[in-house]
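Undergrad: The structure that follows is given in the form of structure tokens.
Protein chains: 2
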Amino acid sequence: MATIYEVAAKAGVSPATVSRVFNGLPVSAEKVDLVRAASDELRYVPNRTARRLRNQTSELIALLIPDVENPFFTALARGVEDALQAAGYSVVLCNTDDDPAKETRYLDIANSENMAGVILAPSSEDGDIRHLTDHDRPVVVIDRNTGLNIDSVMVDNRAAGIAATNALFDAGYSRVACIAGPVEIESTEERTLGWRQVVAKRGSGAGNLQEGYLQHANYRVDGGRSAMQALLALDSPPDAVVTTNNLMGVGAIQVLSEAGIVPPEIGIAVIGDLPFATLPPRAITQIHLPARHLGTTAARMLLERIRGDKQPARTVVLRAEVTQGLASSALS
Amino acid sequence: MATIYEVAAKAGVSPATVSRVFNGLPVSAEKVDLVRAASDELRYVPNRTARRLRNQTSELIALLIPDVENPFFTALARGVEDALQAAGYSVVLCNTDDDPAKETRYLDIANSENMAGVILAPSSEDGDIRHLTDHDRPVVVIDRNTGLNIDSVMVDNRAAGIAATNALFDAGYSRVACIAGPVEIESTEERTLGWRQVVAKRGSGAGNLQEGYLQHANYRVDGGRSAMQALLALDSPPDAVVTTNNLMGVGAIQVLSEAGIVPPEIGIAVIGDLPFATLPPRAITQIHLPARHLGTTAARMLLERIRGDKQPARTVVLRAEVTQGLASSALS
DNA sequence: AGGCTTGACGAAACCGATTTCTTCCGCTCT
DNA sequence: AGAGCGGAAGAAATCGGTTTCGTCAAGCCT
């Protein structure tokens, strides 16, 4: 790797002049040519490490997500990347695996690498977010209330839960269960509250909140599977089910489909998208979470901070959008 | 951010001693205590940029993949991460979006950031891989023949194509079509050759290679959709289809399922995994690509290089594994 | 006791950029 | 003509670590 000194020596100028050429500072046309020729010949690429040590900043932005295998987060990542790429930044994706220790480690890296900013998507447990504000590095948090003075982009999770549940009642189902994620996760709890609220109002008769209709499980496919199996084993199983995330929805649908139960025999509403669903469309109600939009929004807010915006922290709330599934009456 | 100089001043020692304490070099117990106390109090974290400028290396490894939204690549990423994490490295994921320019940009970044190594998964077009060997930085390439002296991990794509096609003939289907990716991509072409080879041998009668049974489309869900629609529109449509990647498989299945055609009325073999499939198991033959294993293997090879292994470049070939689908005879 | 090894540790060089400080040159203005 | 100004460009400081080199004192040997 050629250095700026080698280029300077070859061009017969000082390193300062080479630096000025590369940064567009005023240099005589004659020397510009000399420097360009020398740097081309040596295939000089400025060393970012050295530059960063001096400048105390880079064009790298860290995006921390809990699970690269979850389409919700990869869609979000695309949104982030699209927006930041356009602004000349590069995104490095860090998989925290829902592990606060890994999250903290990557945050430390982002700091000591002098990255330009950080976008943090929630992991199940609260990591040491204080690391962030400490170093006055621009940060945007996605879908998590930190209680700190940090920009955030949220989803209206309560509304999503309400919409999902209402859609099932509207379609004619009456015994609507809920497959929820771990109680520690704020977003899934909010969605569950939305479900509970609608069931309390529209559920049939007195026993509107059937024993066992609320299943907590892990946030992945196998969590959805075991929860659905538990629901099917009930004495009076539900005729419809809401799942509070996409992967649990996949698990639930797998179990039903293995048992030969398909919509509209049962109603299914999934909060989140099923990007690789192989079922006919409209068989399932989906509450589309604006994953990509969350990403672009977070990226734009981060860019404003990087450019020096000092206004108090903002919270932007985005809404989900419903795609209607089949009605229960289609059974007849 | 406290620096090593501030710590040294507070502890009453030289910066060299502080550095030695942090790197486990011999320092008297007394001074170790002084330094630890001072650095704790100042919450000192070594600046990685400065360290790297001196050491010319970091514990960061870049993983370049063409599409973060494709489960094959995210599974691969998990494999890479698992192996490297255990060895004390952190992985940054870069999404090249099948764009040679982006690929080149990330490679340049990996170089000028002095990253410890690079793992490169193929994009459709050949980027400027020569950038890699230039800088004698450890590199492993996944599923692409470079012709250069670079370590690589390959999948036996021909065998996968053969296995997929044989599975359909074995199940009793006789008119087997193929939905292939863009011709430029080597891996999909190899799989297509496998299909062609089996069809030539086992296809019915003279017209064993029906006009239109080979559809080229883009490597995504919509590519699979349009190709499947084209196949259905043929005068004599196939009774089974092989898709040369997972996303095209999803698209094909979606189209079939919308048309009310489900296995075993039609045979489907997908090369790749359908991680979020919502169909009953065994409805579809899957040729499981060892994505995660590809990742761990590549990571391990890279680690050997980072540790100074200088042997000539190696190529490791992994095989896919078949999960059998339903037989055509199940129709009756 | 005197020479020699050994180990701790500070001073200073170094990694490769950027940027300030200075110098130097040519030009304008009175 | 001489003071003053401005632009180009080199010398040197700087970012924050690591590492070499040299010093000094303690311990060991004959």
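Residue numbers (our numbering), protein chains in the order written: chain L, 769 to 1100; chain U, 769 to 1100.
Every residue gets a Cβ at the ideal spot worked out from N, C-alpha and C, and that includes glycine.
To the nearest angstrom, how far is the alpha carbon of Glu827/U from that of Glu881/U?
TA: Taking the straight line from one Cα to the other gives about 11 Å.
Undergrad: To be precise: take each residue of the stretch 1032-1051 of chain U, compare its Cβ to all Cβ atoms of chain L, and keep it if any distance is under 8 Å. Which residues remain?
TA: Correct list: Leu1042, Pro1043, Phe1044, Ala1045, Thr1046, Leu1047, Pro1048, Pro1049.
Undergrad: Would the stretch 1000-1007 of chain L count as touching the stretch 795-808 of chain U if we require 3 or more Cβ pairs under 8 Å?
TA: No, they do not touch.
Undergrad: Would you mind sorting Arg1087/U into buried or exposed? The rule is 16 or more other CB atoms within 10 Å of its CB.
TA: So Arg1087/U ends up on the exposed side.
Undergrad: So, helix, strand or coil for Gln824/L, using DSSP?
TA: Coil, per DSSP.
Undergrad: Just list the alpha helix (DSSP H) runs in the stretch 922-963 of chain L, keeping only unbroken ones of 4 residues or longer that don't cross its boundaries, in chain order.
TA: Counting whole runs of 4 or more residues, the stretch 922-963 of chain L contains the alpha helix (DSSP H) stretches 925-938.
Undergrad: Would the beta-carbon of Gly772/U fall within 8 Å of that of Val786/U?
TA: A small fix is needed here, since residue 772/U is Ile in this sequence, not Gly. Cβ distance < 8 Å, so Ile772/U and Val786/U count as in contact.
Undergrad: Kindly confirm or deny that the stretch 1038-1048 of chain L and the stretch 1023-1042 of chain U touch, where touching means at least three C-beta pairs closer than 8 Å.
TA: Yes: at least three Cβ pairs fall under 8 Å.
Undergrad: Are at least three pairs of beta-carbons, each pair with one atom in the stretch 777-791 of chain L and one in the stretch 826-840 of chain L, less than 8 Å apart?
TA: Verdict: no, contact absent.
Undergrad: List, in order along the chain, the chain L residues whose C-beta lies closer than 8 Å to that of Ile877/U?
TA: In chain order: Arg816, Leu828, Ser858.
Undergrad: Which residues, in order along the stretch 1010-1022 of chain U, keep a beta-carbon less than 7 Å from a beta-carbon of chain L?
TA: So the list reads Val1018, Ile1021, Gln1022, given in the order they occur along the chain.
Undergrad: Who are the Cβ neighbours of Ser955/U in its own chain at under 6 Å, not counting the five residues just before and after it?
TA: Result list for Ser955/U: Asp911, Asn925, in chain order.
Undergrad: Taking just the CA atoms, how far does Leu1057/U sit from Glu957/U?
TA: Glu957/U and Leu1057/U: Cα-Cα distance of roughly 16 Å.
Undergrad: Is the separation between the beta-carbon of Arg846/L and that of Gly1063/L shorter than 8 Å?
TA: Yes.
Undergrad: According to DSSP, is Gly1076/L part of a helix, a strand, or is it coil?
TA: Reduced to three states, the DSSP call for Gly1076/L is coil.
Undergrad: Could you tell me which chain U residues have their CB closer than 7 Å to the CB of Ala843/L, listed as they occur along the chain?
TA: Glu837, listed in chain order.
Undergrad: For a test of the three-state rule: what should DSSP assign to Ala974/L, helix, strand or coil?
TA: The predicted model places Ala974/L with a pLDDT of 45, which falls under 50 and marks its position as unreliable; any figure quoted below should be read in that light. Reduced to three states, the DSSP call for Ala974/L is coil.
Undergrad: Mapping DSSP to helix, strand and coil, what is Thr1091/L?
TA: In this structure, Thr1091/L counts as strand in the three-state DSSP scheme.
Undergrad: So, at 6 Å on beta carbons, what are the nonlocal neighbours of Gly780/U in its own chain, with the 5 sequence-adjacent residues on each side left out?
TA: Nothing meets the Cβ criterion.
Undergrad: Tell me the DSSP bridge mates of Asp919/L?
TA: Answer is Val908/L.
Undergrad: Exposed or buried, what is Arg1075/U when buried is set at 16 or more other beta-carbons lying within 10 Å of its beta-carbon?
TA: Flag for Arg1075/U reads exposed.
Undergrad: Mind checking whether Thr1053/L and Ile1036/L have CB atoms under 8 Å apart?
TA: The answer is yes: Cβ separation under 8 Å.
Undergrad: To which residues does DSSP link Gln983/U through a beta bridge?
TA: Gln983/U pairs with Ile947/U.
Undergrad: Measuring CA to CA, which of Glu1033/L, Ala948/L, Asp835/L is closest to Gly991/L?
TA: Of the candidates Glu1033/L, Ala948/L, Asp835/L, the one whose C-alpha sits nearest the C-alpha of Gly991/L is Ala948/L.
Undergrad: Which bits of chain U does Leu861/L rub up against, with CB to CB less than 8 Å?
TA: The contacting residues are Val836, Val860, Leu861, Cys862, Asn863.
Undergrad: Alpha helix (DSSP H) containing Asn1014/L: first to last residue?
TA: 1014-1026 is the span of the alpha helix (DSSP H), which, as asked, contains Asn1014/L.
Undergrad: Which whole-angstrom value is the C-beta distance of Val944/L and Val1018/L, which I expect to be below 8 Å?
TA: About 19 Å separates the two Cβ atoms, so there is no contact after all.
Undergrad: Using a C-beta to C-beta distance shorter than 7 Å, which residues of chain U count as neighbours of Leu821/L?
TA: Here the neighbours are Thr817, Ala818, Leu821.
Undergrad: State buried or exposed for Lys870/U, treating a residue as buried only when at least 16 other CB atoms are found within 10 Å of its CB.
TA: Burial call: buried.
Undergrad: Along chain L, which residues have their Cβ under 8 Å away from the Cβ of Tyr874/U?
TA: Within chain L, the residues near Tyr874/U are Ser858.
Undergrad: What number of angstroms, rounded off, separates the C-alpha of Asn913/U from the C-alpha of Ala928/U?
TA: If you take the alpha carbons of Asn913/U and Ala928/U, they lie about 17 Å apart.
Undergrad: According to DSSP, is Thr1011/L part of a helix, a strand, or is it coil?
TA: Strand at Thr1011/L.
Undergrad: If we count the other Cβ atoms within 10 Å of its Cβ and call it buried at 16 or more, is Arg816/L buried or exposed?
TA: Answer is buried; the Cβ neighbour count reaches 16.
Undergrad: Can you give me the start and stop residues for the alpha helix (DSSP H) that Asn879/L sits inside?
TA: First-last of the alpha helix (DSSP H) with Asn879/L: 868-880.
Undergrad: Exposed or buried, what is Gly962/L when buried is set at 16 or more other beta-carbons lying within 10 Å of its beta-carbon?
TA: By the 10 Å Cβ count, Gly962/L comes out buried.
Undergrad: May I ask which residues mark the beginning and end of the beta strand (DSSP E) holding Val886/U?
TA: It spans 885-888 - the beta strand (DSSP E) in which Val886/U sits, taken as one unbroken run.
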